[in-house]
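A quick write-up on the structure given underneath.
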Amino acid sequence: MQQSLAELEAIIRNRICHVCTARTVDGECGLEEPSSCALFRLFPQVAEAVQSVESDDINQYLQAIRRNVCSVCIDQARDGSCETRQRVECALDAYLLLVVDAIEEVTGKTFDKKSIGPPVGGSTVSLGPQIRL
Ligand code: SF4
Ligand code: SF4
Numbered sequence: 743m744q745q746s747l748a749e750l751e752a753i754i755r756n757r758i759c760h761v762c763t764a765r766t767v768d769g770e771c772g773l774e775e776p777s778s779c780a781l782f783r784l785f786p787q788v789a790e791a792v793q794s795v796e797s798d799d800i801n802q803y804l805q806a807i808r809r810n811v812c813s814v815c816i817d818q819a820r821d822g823s824c825e826t827r828q829r830v831e832c833a834l835d836a837y838l839l840l841v842v843d844a845i846e847e848v849t850g851k852t853f854d855k856k857s858i859g860p861p862v863g864g865s866t867v868s869l870g871p872q873i874r875l
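For the sequence shown, this note's numbering assigns the number 743 to the initial residue and increments by one for each residue that follows.
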């Protein structure tokens with residue numbers, strides 16, 4: 743079943759914000775500007791990126807994120823680097839595996855996560871992000 747953009751975002755918000763270190767004890771986003779979170783600021787591009795890929799190779803999704811999302815993100819430098827990513831302050835990048843898990847649930851696909859690596863474009867993908875406020 744094709745999920746709507748709103749449904750996909752709701753699944754990912756439920757998964758990511760609940761474990762994000764930027765979340766406050768009140769359950770709110772603790773970023774000074776919550777709307778600055780790249781994962782949701784660019785969510786239409788994130789959704790488009792993952793929906794544009796038909797592969798069981800997770801690296802294809804990582805590359806699509808870099809190509810379709812990072813390329814239009816104001817935080818990416820001309821050379822493709824990203825200080826926010828390097829500081830592990832991008833929720834999209836830091837929680838990418840969980841985002842993929844949500845996509846897996848939505849699409850019913852099973853990704854071969856062992857195929858991850860080497861990191862695409864200097865990804866900081868991990869399950870333990872350290873987003874500073
Ligand atoms: S930084 Fe992003 S992922 Fe983390 S709580 Fe805020 S909106 Fe959610
Ligand atoms: S990794 Fe950097 S360029 Fe890519 S979405 Fe996150 S903040 Fe933007």
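Heads up, the beta-carbon is just placed ideally off N, CA and C, and yes, glycines get one too.
Every unbroken alpha helix (DSSP H) within the segment 780-812, with a cutoff of 4 residues, ordered by chain: Those alpha helix (DSSP H) runs which fall completely within the segment 780-812 and span 4+ residues are 780-783, 785-793 and 800-810.
Proximity of residue 842 and residue 800 at Cβ, strictly below 8 Å: Translated into positions along the sequence shown, residue 842 becomes position 100. Translated into positions along the sequence shown, residue 800 becomes position 58. Taking 8 Å as the Cβ cut-off, residue 842 and residue 800 qualify as a contacting pair.
Candidates 819, 831, 838 and 813: closest to residue 774 by CA position: Numbered from 1 along the sequence shown, position 32 holds the residue referred to as residue 774. Of the residues 819, 831, 838 and 813, the one whose Cα lies closest to the Cα of residue 774 is 831.
Residue 789 Cβ short of 7 Å to ligand 1 heavy atom set: On the sequence shown, position 47 is the one that residue 789 refers to. Set against 7 Å, the gap from the CB of residue 789 to the closest heavy atom of ligand 1 is not smaller.
Assigned secondary structure, residue 820 (DSSP; H/G/I helix, E/B strand, else coil): What you label residue 820 is simply residue 78 of the sequence shown in a count that begins at 1. Three-state DSSP puts residue 820 in coil, outside helix and strand.
Residue 763 CB to nearest heavy atom of ligand 2 below 7 Å: Within the sequence shown, residue 763 is the residue found at index 21, counting from 1. No.
Nearest-angstrom Cα separation, counted from residue 777 out to residue 786: On the sequence shown, position 44 is the one that residue 786 refers to. On the sequence shown, position 35 is the one that residue 777 refers to. Those two C-alpha atoms are separated by around 14 Å.
heavy atom of ligand 1 below 7 Å from residue 782 C-beta: Counting from 1 along the sequence shown, the entry for residue 782 is found at position 40. Remark: the shortest separation between the CB of residue 782 and any heavy atom of ligand 1 falls under 7 Å.
Residue nearest to residue 837 in terms of C-alpha spacing, selected from 768, 781, 747 and 746: The count along the sequence shown starts at 1 and reaches residue 837 at position 95. Checked all of 768, 781, 747 and 746; the closest Cα to residue 837 is 781.
Range of the contiguous alpha helix (DSSP H) that encloses residue 835: Here residue 835 corresponds to residue number 93 of the sequence shown, with the count starting at 1. Element bounds for residue 835: 833-836.
Separation of residue 844 from residue 772, as counted between CA atoms: The residue you call residue 772 lines up with position 30 of the sequence shown. The residue you call residue 844 lines up with position 102 of the sequence shown. Distance between the alpha carbons of residue 772 and residue 844: 22 Å.
Contact test: residue 786 Cβ vs ligand 1 heavy atom, cutoff 7 Å: As a position in the sequence shown, residue 786 is number 44, starting the count at 1. No - ligand 1 has no heavy atom lying nearer than 7 Å to the Cβ of residue 786.
Spatial distance of residue 757 from residue 840 (CA atoms): Translated into positions along the sequence shown, residue 757 becomes position 15. Translated into positions along the sequence shown, residue 840 becomes position 98. Straight-line Cα distance between these residues: approximately 7 Å.
Near ligand 2: residue 737 beta-carbon under 7 Å from a heavy atom: Residue 737 cannot be examined here, being either before or after the span of the chain that is shown, 743 to 875.
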